[in-house]
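Asker:
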Amino acid sequence: MSDYTTPSLTSSIALVTAREVTMRLRSKAFLISTGLLLLAVLASILIGSLVSANGSTPKVAAVGGAIQTVQADRGLTYVATDSQAEAEKMLKAGDIDAIILDSGVTPANPTGLTVVGNDSVPNDVVGVLSQTPHVELLDPNAPNPLLTYFVALGFGLVFFMSGITFGSTIAQSVVEEKQTRVVELLLSSIPVRALMAGKVLGNSILAIGQILAIAILAVVALTITGQRVTVSALGPSIIWFVVFFVFGFIMLAALFAAAASLVSRSEDVGSVTSPVTLLVMIPYLLVITMGSNPTVLTIMSYVPFSAPVGMPMRIFLGQAQWWEPLLSLVILLASTAVVLWIGERIYAGSLLKMGGRVKIREALSR
Amino acid sequence: MLELQHVSKHYGERVALDDVSFTVGDGRMTGFVGGNGAGKTTAMRIILGVLNADPGAGSVSIDGAPLTAVDRRRFGYMPEERGLYPKMKVLEQIVYFGRLHGWTPAAARRNASELLERLGLGERMDDPVERLSLGNQQRAQIAAALVHRPDVLVLDEPFSGLDPMAVENVQSVLSDYATGGAPVLFSSHQLDIVERLCDDLVIIADGRIRASGDREKLRDEHAPAVWELLLSKDAGWLRDEPGIRVLSSDGGYALFEADSDDARQQVLRRALDHGDVVSFGRQHVSLAQIFKEVVR
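Sequence order for the protein chains is D and X.
Each residue of the first sequence is one higher than the last, beginning at 1 in full-length UniProt numbering.
Each residue of the second sequence is one higher than the last, beginning at 1 in full-length UniProt numbering.
#1: Relative to the C-alpha of X:Thr179, which candidate in X:Leu17, X:Gly25, X:Val295 has its C-alpha closest?
#2: Rank X:Ala65, X:Gly98, X:Gly64 by C-alpha distance to the C-alpha of X:Tyr77 and give the top, closest one.
#3: If you pair each beta-carbon of the segment 27–45 of chain X with each one of the segment 191–203 of chain X, do three or more pairs fall below 8 Å?
#4: In the DSSP assignment, find the unbroken alpha helix (DSSP H) run with X:Glu80 in it and report its ends.
#5: Report the start-end ranges of each beta strand (DSSP E) in the segment 173–241 of chain X that is 3 residues or longer and not cut off at the edges.
#6: Is any beta-carbon of chain X found at less than 8 Å from that of D:Asp124?
#7: First and last residue of the alpha helix (DSSP H) that includes X:Met29?
#8: Can you pull the chain D neighbours of X:His101, defined as C-beta to C-beta under 7 Å?
#9: Find out if the Cβ-Cβ distance for the pair X:Leu119, X:Arg139 is shorter than 8 Å.
#10: With 8 Å as the C-beta to C-beta threshold (strictly closer), list the residues of the segment 45–63 of chain X near chain C in chain order.
#11: Can you check the segment 60–132 of chain X for any beta strand (DSSP E) of at least 3 residues that lies completely inside it and give the ranges in chain order?
#12: Using a Cβ cut-off of 8 Å (strictly closer), state whether X:Thr104 contacts chain D.
#13: What in chain X is Cβ-close to D:Leu352, meaning under 9 Å?
#14: So, with DSSP's three-state summary, where would you put X:Ala16?
#15: So with CB distances below 7 Å, who are the chain X contacts of D:Glu184?
#16: State the Cα-Cα distance for the pair X:Gln266 and X:Lys217, rounded to the nearest angstrom.
#17: Between the alpha carbons of D:Thr69 and D:Thr132, how many angstroms are there, rounded?
#18: Is the beta carbon of X:Tyr177 closer than 8 Å to that of D:Arg19?
#19: Let me make sure I understand the geometry here. Which of D:Gly94, D:Asp119, D:Leu129 has the alpha-carbon closest to that of D:Leu101?
#20: Is the shortest distance between the beta-carbon of D:Arg265 and the beta-carbons of chain X less than 8 Å?
#21: At a CB-CB cut-off below 8 Å, which residues of chain X make contact with D:Thr180?
#22: Starting from D:Tyr4, trace the alpha helix (DSSP H) both ways and give me its first and last residue.
#23: So, do the segment 196–213 of chain D and the segment 21–33 of chain D have three or more beta carbon pairs nearer to each other than 8 Å?
#24: Nearest by alpha-carbon distance to X:Ala166: which of X:Asn136, X:Gly281, X:Pro128 is it?
#25: State the Cα-Cα distance for the pair D:Ile96 and D:Gln84, rounded to the nearest angstrom.
#26: Three Cβ pairs or more, each shorter than 8 Å: is that satisfied between the segment 1–11 of chain X and the segment 276–294 of chain D?
#27: Can the beta-carbon of D:Leu297 be found less than 8 Å from the beta-carbon of D:Gly163?
#28: Let's test the definition: count the other Cβ atoms within 10 Å of the Cβ of X:Arg215 and tell me whether it reaches 16, buried, or not, exposed.
#29: How about X:Val70 and X:Ala112: do their beta carbons lie closer than 8 Å?
#30: Can you grab the Cα-Cα spacing for the pair D:Val135 / D:Ile299, in whole Å?
#31: Going along the chain, which residues of its own chain have a beta-carbon closer than 7 Å to the beta-carbon of D:Leu186, five neighbours each way excluded?
#32: Under 9 Å Cβ-Cβ, which residues of chain D neighbour X:Phe256?
#33: Here's the rule I'm using: 16 or more other beta-carbon atoms within 10 Å means buried, otherwise exposed. How should D:Leu25 be labelled?
#34: How far does the beta strand (DSSP E) with X:Leu255 in it extend, from its first residue to its last?
#35: Which stretch, first to last residue, makes up the beta strand (DSSP E) that contains D:Thr114?
#36: What did DSSP end up calling X:Lys9 once you bin it into helix, strand or coil?
If you want it as structure tokens, here you go:
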């Protein structure tokens with residue numbers, strides 16, 4: 001009969017994956033939270049660009065002989081006046097940021113100017129008028145520490161957030177099938193492997209899709225607001241991040257699925273998945289607090305749970321040899337395979353055990 | 001023909017199934033009866049492969065060959081643990097199960113709609129399962145077991161929670177399957193339904209098969225041979241017949257045991273001599289009585 005064929009493992013996985021994705025896309029909670037996340041990214045970029053654009057030139061009043069200096073000088077909006085009293089009135093009213101007086105060149109004051117502020121030192125005006133010494137950098141290509149911090153925060157946060165969000169989604173979806181008892185019918189229809197693989201795959205697709213949406217939105221928004229980031233500096237580390245993220249996420253998803261299969265009620269999911277949650281949290285905290293320590297970062301870049309954050313960081317910092325990401329990726333792949341294998345056994349062993357929490361040993365000795 | 005041979009299952013020290021063997025013939029509606037915890041659900045789960053039997057002990061086979069995962073995809077199963085996805089729409093969900101069993105989307109949709117119409121859920125196809133009454137959820141569950149037009153049916157308590165109309169409905173669907181040649185195994189606590197519906201019986205207690213086979217044969221074997229006679233006149237004379245023990249009598253009615261077929265036939269001849277015979281036959285023994293007798 002052409003209407004019917006014996007289903008292959010792949011087609012079963014594809015069906016479970018498709019159901020997982022469509023049901024999630026239909027859930028209002030998921031759509032709203034994704035929308036809020038995208039809005040937050042957009043808002044932070046827009047606000048950032050507004051704040052940086054707000055560095056308008058300071059406005060000053062120049063009195064007497066100072067007028068010439070201010071005229072010649074760069075970047076100051078000025079009002080010329082002959083009366084210092086009038087200038088002080090304007091300063092008190094807040095119409096100007098500072099008054100500039102000609103006080104004559106002395107050894108103590110080589111600029112020959114005096115800057116009068118109202119209640120605080122007008123740093124921006126002082127900065128414009130100061131004479132800066134010549135600066136040379138020994139390592140001009142080293143990454144800017146602030147940028148480094150934000151890249152670390154970015155990798156850590158993205159991995160952490162999507163690990164937690166989609167990890168708990170997959171955990172809930174596993175328990176939902178146990179709690180509603182639909183799981184026995186599923187197990188009689190398709191292999192356990194297909195059920196678990198479909199769930200892991202479906203949620204991984206959603207997680208990666210969300211990350212891509214964020215990335216695209218961020219790049220578009222940055223380009224529109226004119227804040228072109230040095231993509232050449234970030235490019236390779238972002239590509240590696242995506243590669244590590246995909247496999248790291250699959251490993252996490254398998255762990256979440258296996259852990260959740262041990263309980264039968266959604267109320268118990270939190271307690272049973274908390275060790276896995278911790279595994280997701282540690283790399284995030286480490287990269288933020290100790291990301292500048294090369295030893296810590298090197299260890300992180302090889303431990304499978306933190307490699308998705310650690311290795312791209314080292315690539316960004318130029319610390320990694322060309323073979324290091326490959327070696328770390330092999331370690332990650334091997335541990336993902338082991339976790340999938342053990343996870344599948346736990347999952348298969350505990351799915352039909354209802355009621356209390358199933359012990360891992362019990363689940364493995366089906 | 002579905003066949004279990006020497007299947008055992010232990011949970012630690014506890015014996016759930018002890019050397020269980022029985023067959024479900026093609027086209028035979030086979031009732032699986034037993035008390036709570038007797039092992040029905042365990043046996044059915046082993047047939048479906050969601051539970052493993054004790055290793056090395058026994059086999060489950062279909063038409064003489066060991067059951068494989070591919071064969072099992074062609075089974076229709078209704079588990080004891082009921083449940084569907086609460087937020088999925090009824091039709092969508094039944095189609096999903098059809099597709100999991102390998103049907104094309106269009107064919108699965110056609111099968112599912114036909115089945116839901118027939119089970120009286122035609123109006124509710126686009127409602128999420130959680131909005132259905134328990135009885136209707138039960139019907140949807142039956143649809144999920146049948147949507148892929150299985151070759152073999154294994155149904156754990158398919159009638160529980162159904163109103164009499166729905167019972168009738170489900171009965172006719174299942175009978176059609178058996179008429180079409182499929183082996184059908186179903187368990188039930190409602191012995192009156194089993195009695196009405198099944199061709200064969202499997203009786204289990206404490207993990208052991210106590211009796212199995214043709215329903216009428218079991219009745220012959222396990223029900224005491226007691227005969228009933230109803231005359232238009234007094235039946236008191238029966239007490240003096242040779243080889244006959246009257247168990248009770250009331251006017252024209254008598255309940256008796258006979259030592260031999262001859263003695264029983266003799267009773268009928270004498271009865272005709274005495275006057276009009278209203279009825280003469282073996283006392284009808286209900287399945288409930290047989291069950292008690294067998295399990296005791």
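Built from N, CA and C at the ideal position, the CB exists for glycine as well.
Remember, it's a predicted structure, so these values are computed and weren't measured experimentally.
Answerer: On the basis of the data shown:
#1: The shortest Cα separation from X:Thr179 among X:Leu17, X:Gly25, X:Val295 belongs to X:Gly25.
#2: For the residues X:Ala65, X:Gly98, X:Gly64, the minimum Cα distance to X:Tyr77 belongs to X:Gly98.
#3: The segment 27–45 of chain X vs the segment 191–203 of chain X: in contact.
#4: DSSP places X:Glu80 outside any alpha helix (DSSP H), giving it a letter other than H or E.
#5: Residue ranges of uninterrupted beta strand (DSSP E) with 3 or more members, entirely inside the segment 173–241 of chain X and ordered along the chain, are 184–187, 200–205, 208–214, 227–231.
#6: With 8 Å as the cut-off, D:Asp124 does not count as an interface residue toward chain X.
#7: Where X:Met29 is concerned, there is no enclosing alpha helix (DSSP H), although the beta strand (DSSP E) it sits in stretches over 29–33.
#8: Near X:His101 (Cβ distances below 7 Å), the residues of chain D are Pro7, Ser189.
#9: With contacts defined by Cβ atoms closer than 8 Å, X:Leu119 and X:Arg139 form a contacting pair.
#10: In the structure shown, chain C cannot be found, because the protein chains are D and X.
#11: If we require 3 residues or more, the beta strand (DSSP E) runs fully inside the segment 60–132 of chain X come out as 75–78.
#12: Answer yes: the Cβ-Cβ gap between X:Thr104 and chain D drops below 8 Å somewhere.
#13: Think of a sphere of 9 Å around the beta carbon of D:Leu352: the chain X residues whose beta carbon falls inside it are Arg45, Val50, Leu51, Glu81, in chain order.
#14: In this structure, X:Ala16 counts as strand in the three-state DSSP scheme.
#15: Those are Val50, Pro79, Glu81, listed as they occur along chain X.
#16: Going by the C-alpha atoms only, they are around 25 Å apart.
#17: Approximately 17 Å between the Cα atoms of the pair.
#18: No.
#19: Nearest of D:Gly94, D:Asp119, D:Leu129 to D:Leu101, Cα basis: D:Leu129.
#20: The C-beta of D:Arg265 comes no closer than 8 Å to any C-beta of chain X.
#21: Chain X residues near D:Thr180: Gly83, Leu84, Tyr85, Pro86.
#22: Here D:Tyr4 belongs to no alpha helix (DSSP H), and DSSP marks it neither H nor E.
#23: Between the segment 196–213 of chain D and the segment 21–33 of chain D there are three or more inter-stretch CB-CB distances shorter than 8 Å, so the stretches are counted as touching.
#24: Here the closest residue by C-alpha is X:Asn136.
#25: For D:Ile96 and D:Gln84, the distance between alpha carbons rounds to 13 Å.
#26: The segment 1–11 of chain X vs the segment 276–294 of chain D: no contact.
#27: Against a cut-off of 8 Å, the Cβ pair of D:Gly163 and D:Leu297 comes out as no contact.
#28: By the neighbour-count rule (16 or more Cβ atoms within 10 Å), X:Arg215 is buried.
#29: Contact check for X:Val70 against X:Ala112 fails: the beta carbons are separated by 8 Å or more.
#30: When rounded, the distance between both Cα atoms is 36 Å.
#31: Its chain contains Glu177, Leu195 as the residues whose beta carbon lies nearer than 7 Å to that of D:Leu186, once the 5 sequence neighbours on both sides are disregarded; these appear in chain order.
#32: Residues of chain D passing the Cβ test: none, with the nearest at roughly 51 Å.
#33: It counts as exposed.
#34: Unbroken beta strand (DSSP E) run through X:Leu255: 253–258.
#35: Bounds of the beta strand (DSSP E) holding D:Thr114 are 113–116.
#36: In the structure shown, X:Lys9 sits in a strand (DSSP, three-state: E or B).
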